[in-house]
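Here is the structure we will look at, set down as structure tokens.
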DNA sequence: ATACTGATGCCCT
DNA sequence: GGGCATCAGTATG
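In this note's numbering, the protein residues as written are 1 to 189.
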């Protein structure tokens, strides 16, 4: 049973919808990976987004094809890994529950936590600057969406100074290994 | 538990 | 020169 290319599965989704869909999906990078448990959406007219001021050399992948990777260096030290949605929109992957290649992740990281936080996750998975702009559905890089729609936690994004009010951070309810706790969730009935 | 600091790349004004 | 979509280490309640 074949499956649609990842780019087609997410075709037309904005960053917020894609961020919600990616929680619970499986991410594999060259033999390491796990279940995505935390994401953040970054929009096109979003003051906290790298795309806010339009295309540059650094953010070019955010304006490239949907369903490709956007990888950038953060604070000069860490890499952060995103999935491109509509033009100028992307989803930051902030945490995984590791399932595959855990020994390799431990060698790269040295100590726990392995994938709790965007910089730790890229180190554990061996993400490289050259992965910027790369497609999924390859032997190096793949995402498998989950059929289930798990309960999500929602909260403000981490580590930004603008648009702090937007509830564009999403987490898998009940997951351990979130990069930070979520605020108390509103009651759903 | 929170608070600060240094490491470092690179786009922005 | 300023400001980060961060982390690890250290210091202090």
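The C-beta atom is built at its ideal place from N, Cα and C for all residues, glycine as well.
Identify whether residue 118 lies in helix, strand or coil by the three-state DSSP scheme.
Reduced to three states, the DSSP call for residue 118 is helix.
Thinking residue 70 and residue 62 are a contact (beta carbons under 8 angstroms), I'd like their distance in whole angstroms, please.
Confirmed, about 5 angstroms.
Would you mind stating whether residue 95 and residue 15 have Cβ atoms separated by less than 8 angstroms?
Not a contact, by the Cβ cut-off of 8 angstroms.
Check for me: the alpha helix (DSSP H) holding residue 127 runs from which residue to which?
Premise fails: residue 127 is in no alpha helix (DSSP H) and is neither H nor E.
Determine the contact status of residue 127 and residue 23, defining contact as a CB-CB distance below 8 angstroms.
Cβ distance not < 8 angstroms, so residue 127 and residue 23 don't count as in contact.
Given this structure, state the Cα-to-Cα distance separating residue 139 from residue 39, to the nearest angstrom.
Cα to Cα, the separation comes out at about 23 angstroms.
For residue 93, list the residues DSSP reports as bridge partners.
In the DSSP output, where bridge partners are listed per residue, residue 93 has 39.
Taking the continuous beta strand (DSSP E) assigned at residue 23, which residues delimit it?
Per DSSP, residue 23 belongs to no beta strand (DSSP E) and is neither H nor E.
Quick check on the DSSP output: the beta strand (DSSP E) that includes residue 30 runs from which residue to which?
No beta strand (DSSP E) holds residue 30; DSSP gives it neither H nor E.
In three-state terms, what does DSSP make of residue 182?
In this structure, residue 182 counts as coil in the three-state DSSP scheme.
Along the chain, which unbroken stretches of the beta strand (DSSP E) at least 3 residues long are found entirely within the segment 48-112?
Listed in chain order, the complete beta strand (DSSP E) runs (minimum 3 residues) inside the segment 48-112 are 69-74, 78-84 and 90-100.
If we call anything under 8 angstroms between Cβ atoms a contact, is residue 35 one with residue 104?
It is not a contact, given that the beta carbons lie outside the stated cut-off.
Provide the residue(s) that pair with residue 154 in DSSP beta bridges, ordered along the chain.
Residue 154 is bridged to 170.
Per DSSP, residue 135 forms a beta bridge with which residues?
Residue 135 pairs with 68.
When the Cα atoms are used, what is the spatial distance from residue 119 to residue 4?
About 30 angstroms.
Short check: CB of residue 25 to CB of residue 144, under 8 angstroms?
It is a contact, given that the beta carbons lie within the stated cut-off.
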